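Numbering (mature numbering (1 follows the signal peptide of the UniProt record, and there is no 0)), first residue to last: -19 to -1, 1 to 141.
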């Protein structure tokens, strides 16, 4: 029984990582998929978040950002850029020494004309590089009236 307890404690210690608390900011590039790919070839974005440590390996907070999808040129006509300002609740779980899993849930405010915005969700996987930088891969989904806006993103976040 003692051995099982020691092994369990060592296993938990090996996977226990303190969730990072504080302000983070970064940038991402995205590849529109589905219907969004009809209107844009890529997007660029800025992200900011503030997290509070809730448990040893979980943090929760708020997130906001700006996304600008560059409009395509279709049949000689340039499509206007598509822009969103997402505002969301944010959660991160430390899934190992350098990996994290997370999600943002909220509302993406449509900025450009004719864009009403919609429900926003963004699951992500992060990889910590050093103490102040994280690379992340995410999927952004925005539910719009009569459709959706989806991108696959690669980003970097810095602890400030």
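Backbone N, C-alpha and C define an ideal beta-carbon position, used for all residues, glycine too.
Computed from a prediction, not measured in an experiment: that's the story for all the values here.
For residue i, three-class secondary structure by DSSP
{"i": "residue 76", "result": "coil"}
{"i": "residue 56", "result": "coil"}
{"i": "residue 15", "result": "helix"}
{"i": "residue -12", "result": "Bear in mind that a pLDDT of 42 at residue -12, under 50, signals an unreliable position, so the number given afterwards is only what the model happens to contain. Residue -12 falls in the helix class under three-state DSSP."}
{"i": "residue 34", "result": "strand"}
{"i": "residue -3", "result": "Note that residue -3 has pLDDT 42, beneath the 50 cutoff, so the model's placement of it is unreliable and no number is given."}
{"i": "residue 20", "result": "coil"}
{"i": "residue 28", "result": "strand"}
{"i": "residue 40", "result": "strand"}
{"i": "residue -18", "result": "Below a pLDDT of 50, predicted positions are generally treated as unreliable, and residue -18, at 48, falls in that range; the measurement from the model is reported next regardless. Residue -18: helix per DSSP, three-state reduction."}
{"i": "residue 126", "result": "coil"}
{"i": "residue 141", "result": "coil"}
Whole-angstrom distance between residue j and residue i, CA atom to CA atom
{"i": "residue 38", "j": "residue 74", "result": "6 Å"}
{"i": "residue 104", "j": "residue 118", "result": "9 Å"}
{"i": "residue 94", "j": "residue 125", "result": "14 Å"}
{"i": "residue 2", "j": "residue 57", "result": "48 Å"}
{"i": "residue 10", "j": "residue 29", "result": "15 Å"}
{"i": "residue 88", "j": "residue 35", "result": "23 Å"}
{"i": "residue 61", "j": "residue 130", "result": "15 Å"}
{"i": "residue 112", "j": "residue 140", "result": "8 Å"}
{"i": "residue 51", "j": "residue 6", "result": "22 Å"}
{"i": "residue 109", "j": "residue 65", "result": "27 Å"}
{"i": "residue 101", "j": "residue 44", "result": "11 Å"}
{"i": "residue 85", "j": "residue 69", "result": "6 Å"}
{"i": "residue 77", "j": "residue 12", "result": "28 Å"}
Closest by C-alpha distance to residue i, when choosing among the options
{"i": "residue 18", "options": "76, 53 and 120", "result": "53"}
{"i": "residue 123", "options": "116, 117 and 132", "result": "132"}
{"i": "residue 49", "options": "3, 36 and 91", "result": "91"}
{"i": "residue 128", "options": "141, 114, 99 and 140", "result": "99"}
{"i": "residue 121", "options": "4, 6 and 23", "result": "23"}
{"i": "residue 21", "options": "4, 31 and 59", "result": "59"}
{"i": "residue 81", "options": "12, 96, 33 and 40", "result": "40"}
Which residues DSSP lists as bridging residue i, in chain order
{"i": "residue 93", "result": "The partner list for residue 93 (beta bridge, DSSP) is empty, contrary to what the question assumes."}
{"i": "residue 113", "result": "According to DSSP, which records beta bridges pairwise, residue 113 is partnered with nothing at all."}
{"i": "residue 87", "result": "69 and 101"}
Presumed contact (8 Å Cβ cut-off) between residue i and residue j, rounded CB distance
{"i": "residue 8", "j": "residue 137", "result": "6 Å"}
{"i": "residue 71", "j": "residue 26", "result": "With 8 Å as the limit, residue 71 and residue 26 do not qualify as a contact, their Cβ atoms being about 15 Å apart."}
{"i": "residue 46", "j": "residue 67", "result": "5 Å"}
{"i": "residue 96", "j": "residue 63", "result": "6 Å"}
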